[in-house]
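*Asks:* Sending over a structure as structure tokens; questions will come in a sec.
Spelled out as structure tokens, the structure:
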């Protein structure tokens, strides 16, 4: 009996100590990690989509809840007028989730561009979604009410040869962005209007 | 006293260098030795974990009940691994992305648990830290040796710099998993040739 109590007590104290330490380290590094993620993951994709903005979209960002999920929206300004919004969605690819940044022009409801942030697709095949702009450039200029799916599934997107699943994954992410945009558009516009002032 | 501590430290560098002499920790060594940069990052992370987990295990060696010792060791090791993961994420984000899953997998690295069980649980803290540091540095050096071999042959570069001139045709096989096994085997063979008692 004594031995059992001893085991429980030691393990409990050890776990509590471990939890405390980890909580402290996490709080200490949280802000920096968020910055690093923005800098190394989001920034290149945002730059790829919005190359001609007059502001820094990384600075002009706001957060919004959608179905208990927090989304970050980045706003791009042309000639000081905020008219572009970018946010990230995820689609299931061949090797896991594919993170896709979707940029939308809020005045015309057209896609400005799409870019892949993170993926674990096969190098040389699925990875072309990120490395070769040809595939994602198909989304640019499409209206928000179009069917974002590969041609095989009845949509308007040419899938990459040898990377069907990846192509589908990107399409799923784009479609999700479409849903989110349609659902949250009034609120997005409100937020952006605030930013313009 | 000082001499025995020095001995505990240096045994990890040659006599018992983990991947080649103890033939432990092979999974990460095959996976992350593609280039020197990854090898150094992984090595430093491992060294930190080995040294601190050995220290803590050794300090608690008389308190931890023997029946739950493995669970206790895992808690200690996992705590330090998570600390390393968070710190890497905050300060060396690109490296963190490259090493990916292999950082959290240090938890199940045989060396960490093996040294805790075989050495730190029976020896005083100072000697345990020396043992952990020695093992970690030995592991780092092994990773760097393999990394240098594979990067130079497989990619024609060292730390990203060309070494063989523009006419060199990279031996891509070395960067794949089978190449890693072949490299490991060759280094093991050479080491046995010299160090066999």
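Residue numbers (full-length UniProt numbering), protein chains in the order written: chain A, 1 to 197; chain B, 1 to 197. Beta carbons are placed, not taken as given, at the ideal position from N, Cα and C, and that holds for glycine. Please read all numbers here as calculations on a predicted model, not as lab measurements.
Please check if any C-beta of chain A sits within less than 8 angstroms of the C-beta of residue 64 of chain B.
*Replies:* Within the second chain, residue 64 of chain B is the residue found at index 64, counting from 1. Yes, residue 64 of chain B lies at the interface with chain A (some Cβ there is under 8 angstroms from its Cβ).
*Asks:* Here's a check: name, in chain order, each residue in its chain whose Cβ is nearer than 6 angstroms to the Cβ of residue 142 of chain A, leaving out the five neighbours to either side.
*Replies:* The count along the first chain starts at 1 and reaches residue 142 of chain A at position 142. Non-local C-beta neighbours of residue 142 of chain A in its own chain, meaning closer than 6 angstroms and more than five positions away in sequence, comprise 111, ordered along the chain.
*Asks:* Report the three-state DSSP secondary structure of residue 64 of chain B (helix, strand or coil).
*Replies:* To locate residue 64 of chain B, count along the second chain from 1; it is residue 64. Residue state, collapsed to three classes: coil.
*Asks:* Where does the unbroken beta strand (DSSP E) through residue 97 of chain A begin, and where does it stop?
*Replies:* The count along the first chain starts at 1 and reaches residue 97 of chain A at position 97. Per DSSP, residue 97 of chain A belongs to the beta strand (DSSP E) from 97 to 105.
*Asks:* State the DSSP-derived secondary structure class of residue 31 of chain A, mapped to helix, strand or coil.
*Replies:* As a first step, residue 31 of chain A is located in the first chain; it is residue number 31 there, counting from the start. Residue 31 of chain A falls in the helix class under three-state DSSP.
*Asks:* Does the stretch 61 to 70 of chain A come close enough to the stretch 16 to 26 of chain A that 3 or more CB-CB pairs lie under 8 angstroms?
*Replies:* Judged by Cβ distances under 8 angstroms, the stretch 16 to 26 of chain A makes no contact with the stretch 61 to 70 of chain A, as fewer than three pairs qualify.
*Asks:* Is residue 119 of chain A buried or exposed, if buried means 16 or more other CB atoms sit within 10 Å of its CB?
*Replies:* By one-based count along the first chain, residue 119 of chain A stands at place 119. Buried.
*Asks:* So, does the CB of residue 19 of chain B fall closer than 8 angstroms to a CB anywhere in chain A?
*Replies:* Residue mapping note: residue 19 of chain B aligns to position 19 of the second chain, counting from 1. Not an interface residue.
*Asks:* Taking the alpha-carbon positions, what's the residue 86 of chain B to residue 101 of chain B distance?
*Replies:* Taking the second chain and counting its residues from 1, the one referred to as residue 86 of chain B is at position 86. Taking the second chain and counting its residues from 1, the one referred to as residue 101 of chain B is at position 101. Their backbone Cα atoms lie some 13 angstroms apart in a straight line.
*Asks:* Leaving out the 5 sequence neighbours to the left and right, which residues in its chain are closer than 7 angstroms to residue 175 of chain B when beta-carbon positions are compared?
*Replies:* Position 175 of the second chain, counted from the first residue, corresponds to residue 175 of chain B. Excluding residues within five positions, the ones whose Cβ falls inside 7 angstroms are 34, 150, 154 and 155.
*Asks:* Once DSSP output is grouped into helix, strand and coil, what is the label at residue 19 of chain B?
*Replies:* Here residue 19 of chain B refers to the residue found at position 19 of the second chain. If DSSP states are grouped into helix, strand and coil, residue 19 of chain B belongs with the helices.
*Asks:* Does the CB of residue 172 of chain B have a neighbour CB from chain A at under 8 angstroms?
*Replies:* As a working note, residue 172 of chain B is residue 172 in the second chain. So no, residue 172 of chain B is outside the interface.
*Asks:* Got a sec? Which residues, its chain only, sit under 6 angstroms from residue 76 of chain A by beta carbon, not counting five neighbours each side?
*Replies:* On the first chain, residue 76 of chain A is found 76 positions in, with the first residue counted as 1. Result list for residue 76 of chain A: 50, 53, 57 and 84, in chain order.
*Asks:* Measuring only between beta-carbons, confirm whether residue 22 of chain A sits less than 8 angstroms from chain B.
*Replies:* As a working note, residue 22 of chain A is residue 22 in the first chain. Chain B, which has a Cβ nearer than 8 angstroms to the Cβ of residue 22 of chain A, makes this yes.
*Asks:* Going by C-alpha distance, which of B:139, B:51, B:171 and B:168 is nearest residue 14 of chain B?
*Replies:* Locating residue 14 of chain B in the second chain gives position 14, where the first residue counts as 1. Looking at the Cα atoms, B:139 is the closest of the given residues.
*Asks:* Give the range of the beta strand (DSSP E) segment to which residue 121 of chain A is assigned.
*Replies:* Translated into positions along the first chain, residue 121 of chain A becomes position 121. No beta strand (DSSP E) contains residue 121 of chain A, which DSSP labels as neither H nor E.
*Asks:* Where does residue 158 of chain A land, buried or exposed, given buried means 16+ other C-beta within 10 angstroms?
*Replies:* What you label residue 158 of chain A is simply residue 158 of the first chain in a count that begins at 1. Exposed, because fewer than 16 other Cβ atoms sit within 10 Å of the Cβ of residue 158 of chain A.
*Asks:* Does residue 98 of chain A come within less than 8 angstroms of chain B when only Cβ atoms are used?
*Replies:* Working through the first chain from its first residue, we reach residue 98 of chain A at position 98. Chain B, which has no Cβ nearer than 8 angstroms to the Cβ of residue 98 of chain A, makes this no.
*Asks:* Is it true that the CB of residue 29 of chain A sits closer than 8 angstroms to the CB of residue 120 of chain B?
*Replies:* By 1-based counting over the second chain, the position of residue 120 of chain B is 120. By 1-based counting over the first chain, the position of residue 29 of chain A is 29. Not closer than 8 angstroms, so no.
*Asks:* Write down the C-beta distance between residue 38 of chain A and residue 72 of chain B rounded to the nearest angstrom, noting that I regard them as a contact closer than 8 angstroms.
*Replies:* Position 38 of the first chain, counted from the first residue, corresponds to residue 38 of chain A. Position 72 of the second chain, counted from the first residue, corresponds to residue 72 of chain B. In fact, because the Cβ distance is near 38 angstroms, the residues do not count as touching under 8 angstroms.
*Asks:* Give me the chain A residues within the contact set of residue 94 of chain B, using Cβ-Cβ distance strictly less than 8 angstroms, ordered along the chain.
*Replies:* Position 94 of the second chain, counting from 1, holds the residue named residue 94 of chain B. The contacting residues are 40.
*Asks:* In the DSSP output, which residue or residues are listed as bridge partners for residue 73 of chain A?
*Replies:* Locating residue 73 of chain A in the first chain gives position 73, where the first residue counts as 1. In the DSSP assignment, residue 73 of chain A is bridged to A:62.
*Asks:* Can we say the stretch 170 to 179 of chain A touches the stretch 96 to 110 of chain A, given the rule of at least three CB pairs closer than 8 angstroms?
*Replies:* yes
*Asks:* On the criterion of 16 or more Cβ atoms from any shown chain inside 10 Å, does residue 19 of chain B qualify as buried, or is it exposed?
*Replies:* Counting from one through the second chain, the residue named residue 19 of chain B turns up at place 19. Burial call: buried.
*Asks:* Is there a Cβ of chain A sitting closer than 8 angstroms to that of residue 31 of chain B, yes or no?
*Replies:* Numbered from its first residue, the second chain carries residue 31 of chain B at position 31. By this cut-off, residue 31 of chain B is not an interface position.
*Asks:* Who are the Cβ neighbours of residue 149 of chain A in its own chain at under 6 angstroms, not counting the five residues just before and after it?
*Replies:* Sequence index remark: in the first chain, residue 149 of chain A carries index 149 (1-based). By the criterion of a C-beta distance shorter than 6 angstroms, residue 149 of chain A is surrounded in its chain by 155 and 171, once the five residues flanking it on both sides are discounted.
*Asks:* What is the rounded straight-line gap between the Cα of residue 80 of chain A and the Cα of residue 74 of chain A?
*Replies:* Working through the first chain from its first residue, we reach residue 80 of chain A at position 80. Working through the first chain from its first residue, we reach residue 74 of chain A at position 74. Whole-angstrom Cα-Cα distance: 15 angstroms.
*Asks:* Using a Cβ cut-off of 7 angstroms, pull out every chain B residue sitting near residue 26 of chain A, in sequence order please.
*Replies:* Position 26 of the first chain, counting from 1, holds the residue named residue 26 of chain A. Result: 86.
*Asks:* Please state the DSSP three-state secondary structure of residue 147 of chain B.
*Replies:* As a working mapping, residue 147 of chain B is identified with position 147 in the second chain. Helix.
*Asks:* In chain order, what residues of the same chain lie with their CB nearer than 8 angstroms to the CB of residue 107 of chain B, ignoring the 5 residues before and after it?
*Replies:* The residue given as residue 107 of chain B occupies position 107 in the second chain. Within the same chain, residue 107 of chain B has close Cβ partners 74, 77, 78 and 81.
*Asks:* Kindly identify the DSSP beta-bridge partner or partners of residue 158 of chain B.
*Replies:* Locating residue 158 of chain B in the second chain gives position 158, counting from the first residue. DSSP, once it has assigned bridges, lists B:161 as partnering residue 158 of chain B.
*Asks:* Counting pairs of beta carbons, one from the stretch 125 to 138 of chain B and one from the stretch 157 to 164 of chain B, are three or more of them closer than 8 angstroms?
*Replies:* In short, these stretches do not touch, since the Cβ pair count stays below three.
*Asks:* Strictly below 7 angstroms CB to CB, what residues from chain A border residue 75 of chain B?
*Replies:* Translated into the one-based positions of the second chain, residue 75 of chain B becomes position 75. Going along chain A in sequence order, the residues near residue 75 of chain B (Cβ under 7 angstroms) are 14, 15 and 18.
*Asks:* Give me the Cβ distance between residue 133 of chain B and residue 51 of chain B, rounded to the nearest whole Å; I'm assuming they're in contact under 8 angstroms.
*Replies:* Translated into the one-based positions of the second chain, residue 133 of chain B becomes position 133. Translated into the one-based positions of the second chain, residue 51 of chain B becomes position 51. Rounded, the Cβ-Cβ distance is 5 angstroms, consistent with contact.
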